[in-house]
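Asks:
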Amino acid sequence: IEPIQVCRKAECTAPSQHPLFDEPRIWNNEKSYYTGTFFDEVYYARSVAELDRGLFPYENTHPPLGKTLAYWVTKVFGFHPLGWRTLNALMGALIPLGIFFLSRELGFSLFASSIAGTLSYLDCARVALSRIFTIDIQVTLWIVLASISLVSFLRIYLAEGLSRKGIVRCLLTSILLGLA
1037 IEPIQVCRKA ECTAPSQHPL FDEPRIWNNE KSYYTGTFFD EVYYARSVAE
1087 LDRGLFPYEN THPPLGKTLA YWVTKVFGFH PLGWRTLNAL MGALIPLGIF
1137 FLSRELGFSL FASSIAGTLS YLDCARVALS RIFTIDIQVT LWIVLASISL
1187 VSFLRIYLAE GLSRKGIVRC LLTSILLGLA
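Going by this note's numbering, the sequence shown runs without a break in its numbering and finishes at 1216.
1. Straight-line CA distance for residue 1099 to residue 1143?
2. Judging by CA-CA distance, which residue of 1096, 1090 and 1188 is the nearest neighbour of residue 1076?
3. Check whether the Cβ atoms of residue 1152 and residue 1166 sit closer than 8 Å, and answer yes or no.
4. Is residue 1215 helix, strand or coil when you go by DSSP?
5. Can you grab the Cα-Cα spacing for the pair residue 1129 / residue 1200, in whole Å?
6. Excluding sequence positions up to five away, which residues of its chain have a Cβ less than 7 Å from the Cβ of residue 1156?
7. What span of residues does the alpha helix (DSSP H) with residue 1149 cover, start to end?
8. For a quick check, are the C-beta atoms of residue 1120 and residue 1104 less than 8 Å apart?
9. Thinking C-beta only, is residue 1188 closer than 8 Å to residue 1212?
10. Is it buried or exposed, residue 1169, if we count other Cβ atoms within 10 angstroms and call 16 or more buried?
11. With distances taken between CB atoms, is the gap from residue 1126 to residue 1215 smaller than 8 Å?
12. Does residue 1173 come out as helix, strand or coil in the three-state DSSP assignment?
13. Would DSSP call residue 1095 helix, strand or coil?
14. Near residue 1154, which residues of its chain fall below 8 Å by C-beta distance, leaving aside the five closest residues on each side in sequence?
15. How many angstroms separate the CA atom of residue 1123 from the CA atom of residue 1207?
16. So, with DSSP's three-state summary, where would you put residue 1139?
17. In terms of residues, what are the limits of the alpha helix (DSSP H) holding residue 1082?
18. Apart from the five residues on each side of it in sequence, which residues of its chain come closer than 8 Å, Cβ to Cβ, to residue 1172?
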């Protein structure tokens, strides 16, 4: 058993000198995807790193589009927590706008649509999922966009029957649901 090294705040410059840290030999100060991630980010960030190295991603429980998009975003912003969380922050910010347009497409008034978008903006689950790198927020955005396209297709179908514009909306809905 090693004795605890006690120091004053001004003297404590490393975690191994802190009075509550009595096992400095097991402390790992290396930066890796294990120490720079939160919750399930360990798996997704590792998949992005493997895509960067040309390997098949270890984690493949979700459709690969989210990790592929994150790979391209990390090429721009760098491979670090801010880099791989940027895409989810952007997609999470677009969801309230999508909810607004979905409610408008459903025929609600501008006021009611604004309330729907505002409530979506204040949703804690959306905020939490937008702050970490998991694929869930990306799937949510694709589903919201697919819902807008589906409602648009149904409006066209009920008004005009099966038209070229309706078929395009139906195909767009299918593509968006495929992306999810």
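Built from N, CA and C at the ideal position, the CB exists for glycine as well.
Replies: Short version:
1. 32 Å
2. 1096
3. no
4. helix
5. 32 Å
6. 1131, 1132, 1135 and 1162
7. 1146-1157
8. no
9. no
10. buried
11. no
12. helix
13. coil
14. 1132
15. 25 Å
16. helix
17. 1077-1088
18. 1165
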